[in-house]
C-alpha cells in the first residue's frame, strides 16, 4: 500500500488508532475536532479511494508500526474488492524490509507471467 500514512484519520474517534498525522490523538483532538475538519478529511482519506481500486494488488506493512498503525491500513485494505494479497511483517516497524521487497517483486513477476499467458 503506497499511501498507508493517510488511512482512517478518524480512527481515534471510534476507539482505534488513527492514521498519520494523527489529527484526533490526545495531543491534537482539541485543535482538529471541528465540523470543518471532519467534513474535509474524507476528501483526503485513502479509505475513501481504496474502494475504487479496479486492479489486483499486493500490500505489505509491519504489524508493530507505531508511526502509521496497522489498524489504519486494514481499514483501507478491507474495502478493496479486487483480488489482493497481503504480507505482514509480524515484528515489523515503520520501514521496508528486504523480505517485503522480495515478496513484492515475486508478486509482480507472477502477475506479469499470468498476464502473458492469458490469451
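Residue numbers (our numbering): 16 to 134.
All C-beta atoms in this analysis are idealised placements derived from N, C-alpha and C, irrespective of residue type, glycine included.
Bear in mind that the values here come from a model prediction, so they are computed numbers and not experimental data.
Spatial distance of residue i from residue j (CA atoms)
| i | j | result |
| --- | --- | --- |
| residue 22 | residue 128 | 31 Å |
| residue 31 | residue 40 | 10 Å |
| residue 44 | residue 37 | 9 Å |
| residue 81 | residue 125 | 32 Å |
| residue 52 | residue 29 | 16 Å |
| residue 1 | residue 130 | In the structure as shown, the chain starts at 16 and stops at 134, and residue 1 therefore has no counterpart that could be examined. |
| residue 106 | residue 26 | 22 Å |
| residue 117 | residue 49 | 43 Å |
| residue 87 | residue 46 | 21 Å |
| residue 95 | residue 72 | 9 Å |
| residue 89 | residue 101 | 10 Å |
Residue i classed as buried or exposed, judged by whether at least 16 other C-beta atoms fall within 10 angstroms
| i | result |
| --- | --- |
| residue 60 | buried |
| residue 58 | exposed |
| residue 70 | exposed |
As assigned by DSSP and simplified to three states, the class of residue i
| i | result |
| --- | --- |
| residue 29 | helix |
| residue 74 | strand |
| residue 64 | helix |
| residue 96 | coil |
| residue 103 | strand |
8 Å CB neighbourhood of residue i in its chain, flanking five on each side removed
| i | result |
| --- | --- |
| residue 103 | 75, 76, 77, 78 and 85 |
| residue 33 | 23, 24, 25, 26, 27, 39, 40, 84 and 87 |
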